[in-house]
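Going by this note's numbering, the first residue of the sequence shown is number 69, and it counts up by one from there.
Where is the CB? At the ideal position from N, CA and C, for every residue including glycine.
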Amino acid sequence: MSSEARKESSVIGDPSDLDLAQKLADLSDVITLDRYLAHDLVIETKPDTTPVTDADRAVERVIRETLAKERANDQIIGEEFGGLELLARAKVGSRFWILDPIDGTKNFLRGMPTWATLIALAEITSAGPKVTVGVVSSPALGRRWFARTGGKAFVTEAFSGRNRTRQIRVSKVASFDDASLSYSDLNGWKERKGAFVSLFDSLWRT
């Protein structure tokens, strides 16, 4: 790998971009918590047969509106309002905010707390897109994970009405027989379902 390629493969995330991503997550949390468990939640089915709620769309709208003011030169790819086609004509140095307003919409609409707003910032390099900032905000669980390249990763957790932020690291677990696996369901595995289920016997727990 050339020195230029190495440089581009380790793009440093700007702290101000991470601050903005946290602000976007704050705005999102207000909307999602207000609509979570709401009796008048509007639910529709998208062409791909997955559900979408009024909360999904409201979150993506407010994030897009905020980014239009704060980062007018950046592009946006969102789960509900698209933008993926913009990648085809992106140039090196272009920046893309990648949004999933509610990851886990099925849980959200059924009143299960395991859902989150996903926000990432990626920069186009000659080696391809490189994510530089990421935030996962799960307000119903009272947790938010956030990080930037060149920095450390953290989680903020709510305990007894107070928030605690701590650094997180990759687990030291190095073998399957000591590993714990979490998954949502088996529906998406289709032809790989058998191989996936057979993996369970080699794990500490699932």
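If you compare alpha carbons, which of the options is closest to residue i?
i	options	result
serine 84	Ser270, Arg216 and Leu254	Arg216
leucine 250	Phe222, Val265, Ser194 and Thr233	It should be noted that the sequence gives serine, not leucine, for residue 250. For the residues Phe222, Val265, Ser194 and Thr233, the minimum Cα distance to serine 250 belongs to Val265.
tryptophan 272	Val241, Trp165 and Ala263	Val241
glutamine 90	Arg129, Phe222, Ala158 and Asp124	Phe222
glycine 150	Ala140, Arg129, Arg139 and Lys137	Arg129
phenylalanine 176	Val98, Ala208, Pro197 and Ala156	Ala208
arginine 103	Pro169, Pro115 and Gly262	Pro169
isoleucine 236	Asp97, Arg212 and Asp171	Arg212
alanine 126	Leu86, Lys137 and Leu167	Leu167
leucine 86	Leu154, Phe214 and Glu138	Phe214
Counting only the same chain and skipping the five closest in sequence on each side, list residues whose C-beta sits under 7 Å from that of residue i.
i	result
leucine 92	Ile131, Thr134 and Ile187
glycine 219	Gly81
arginine 234	Phe222 and Val223
glycine 210	Glu225 and Ala226
glutamate 138	Leu88
Work out the CA separation of residue j and residue i for me, nearest whole Å.
i	j	result
leucine 152	glycine 146	8 Å
aspartate 124	glutamate 148	7 Å
aspartate 185	leucine 267	Rather than aspartate, the amino acid found at residue 185 in this sequence is threonine. Cα-Cα distance, rounded: 30 Å.
leucine 88	proline 181	25 Å
serine 248	threonine 274	6 Å
serine 243	alanine 263	18 Å
arginine 230	valine 79	34 Å
aspartate 116	serine 205	25 Å
aspartate 97	threonine 173	14 Å
valine 238	serine 252	22 Å
leucine 155	alanine 136	18 Å
threonine 113	isoleucine 99	20 Å
Give every residue of the same chain whose Cβ lies closer than 6 Å to the Cβ of residue i, excluding the five residues on either side of it in the sequence, and list them in chain order.
i	result
isoleucine 192	Ala158, Val160 and Ser162
phenylalanine 164	Gln143, Ile145 and Ala190
glycine 179	Leu105
leucine 101	Pro207
leucine 95	Val130
proline 197	Ala190
aspartate 171	Ala184 and Leu186
arginine 232	Glu225
Among the residues of its own chain, which have a CB less than 8 Å from the CB of residue i, if the five just before and after it don't count?
i	result
lysine 245	Note that residue 245 is aspartate in the sequence shown here, rather than lysine. Once the five neighbours on either side are set aside, the close Cβ partners of aspartate 245 are Ser270, Leu271 and Trp272.
alanine 140	none
lysine 261	Leu254
Is the number of C-beta pairs between the stretch 243 to 259 and the stretch 114 to 125 that are closer than 8 Å three or more? no
Between the stretch 192 to 203 and the stretch 101 to 111, can you find at least three pairs of beta-carbon atoms closer than 8 Å? no
Whole alpha helix (DSSP H) runs in the stretch 130 to 189 with 4 or more residues, listed along the chain? 173 to 177
Return the chain-ordered ranges of every beta strand (DSSP E) run that is complete within the stretch 100 to 131 and spans a minimum of 3 residues. 111 to 113 and 119 to 121
Taking only runs of the alpha helix (DSSP H) that begin and end inside the stretch 222 to 254, which ones reach a length of at least 4 residues, in chain order? none
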